[in-house]
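Chemist: Take this structure first; my questions come after.
Numbering (this note's numbering), first residue to last: 69 to 321.
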């Protein structure tokens with residue numbers, strides 16, 4: 069981010085030489101922050117409505133902490149997914165040095181969050197549903213992400229089709245949600261069943277839960293792609309974050 073260019077642009081707006089809409093268009097194209105090992109896109113929220121998110125897997129704890137700190141300095145909310153407690157402790161170490169510790173670790177979701185500014189509220193509730201307790205980490209990632217993006221979330225756990233009465237007992241909650249994220253492994257049937265009960269978009273998340281022939285979630289993925297419920301769309305295996313991001317966009321329309 070180039071401070072001089074931003075200051076010059078703001079002066080142009082103040083003096084009436086540049087329209088506000090034109091200034092916003094130019095801000096979308098300002099450069100990223102180069103850390104050497106990472107290039108941080110601080111203007112992604114301006115372009116897409118959602119800030120850049122740290123995918124922590126494959127990064128060192130020190131790298132995650134440095135990226136997290138630089139993003140936090142911009143004043144917005146920060147999310148790191150697929151993070152470990154070691155990464156969280158590295159983030160806290162930087163916080164304790166520079167500011168009051170505010171980041172939070174969500175162990176089940178494997179996520180680190182920092183809330184500094186309330187996000188624009190969604191219009192309704194996002195229902196996050198998972199078939200079994202083994203699918204809960206993916207569902208929790210979706211729930212944490214959706215809440216950070218300003219949404220009210222209701223988490224409904226362990227309602228797989230093997231005990232369909234458990235799902236039907238949640239019919240009111242399912243039908244009152246504005247959009248649903250449904251996570252399931254094994255054969256991946258749950259999103260199709262939920263889709264047949266509601267008049268809302270259903271975002272299906274196949275999980276890597278299952279025995280050998282599940283092929284790490286591929287069986288659930290293929291089952292969901294072949295759904296006969298027309299209100300169901302599908303994201304990648306274990307991608308609770310991606311499902312929540314789409315659900316949030318829908319819930320803010």
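Note that CB positions come from ideal geometry on N, CA and C, so glycine has one too. As the structure is a computational prediction, the values presented were derived from the model and not from experiment.
1) Name the residue from 161, 93, 215 whose alpha carbon lies nearest to the alpha carbon of residue 317.
2) For the region 201-218 against the region 297-315, do three or more pairs of beta-carbon atoms, one drawn from each stretch, fall closer than 8 Å, so that the two count as touching?
3) Grab me the residues of residue 154's own chain with a C-beta within less than 7 Å of its C-beta, minus the 5 sequence neighbours each way, in chain order.
4) As a quick exercise: from 140, 136, 250, pick the residue whose alpha carbon is nearest that of residue 158.
5) Output yes or no for whether 8 Å exceeds the beta carbon distance between residue 85 and residue 188.
6) If we ignore side chains and look at the alpha-carbon of each, how far apart do residue 191 and residue 101 end up?
7) Which value, in whole angstroms, describes the spacing of the CA atoms of residue 74 and residue 139?
8) Helix, strand or coil for residue 255, going by three-state DSSP, please let me know.
9) How big is the Cα-Cα spacing for residue 275 and residue 305?
10) Hey, how far is the Cα of residue 232 from the Cα of residue 280?
11) Within the region 94-177, note down every full alpha helix (DSSP H) run reaching 4 residues or more, in order along the chain.
12) According to DSSP, simplified to helix, strand and coil, what is residue 205?
13) What is the C-beta distance between residue 60 and residue 277, in whole angstroms, given that I count them as a contact (C-beta under 8 Å)?
14) Residue 210 and residue 246: beta carbons closer than 8 Å?
15) Out of 125, 147, 273, which one is the CA nearest neighbour of residue 119?
16) Given a cut-off of 8 Å on the beta-carbon distance, is the pair residue 110 and residue 95 in contact?
17) Since residue 224 is in the beta strand (DSSP E), which residue starts that stretch and which ends it?
18) Looking at residue 197 and residue 248, is the spacing between their C-beta atoms short of 8 Å?
19) Are the CB atoms of residue 131 and residue 173 within a distance shorter than 8 Å?
20) To the nearest angstrom, how far is it from the Cα of residue 143 to the Cα of residue 89?
Modeler: According to the structure data:
1) 215
2) yes
3) 129
4) 136
5) no
6) 33 Å
7) 18 Å
8) coil
9) 5 Å
10) 24 Å
11) 112-116, 129-140, 153-166
12) helix
13) The chain is shown from 69 up to 321; residue 60 falls before or after that span and cannot be answered.
14) no
15) 147
16) no
17) 220-224
18) yes
19) no
20) 23 Å
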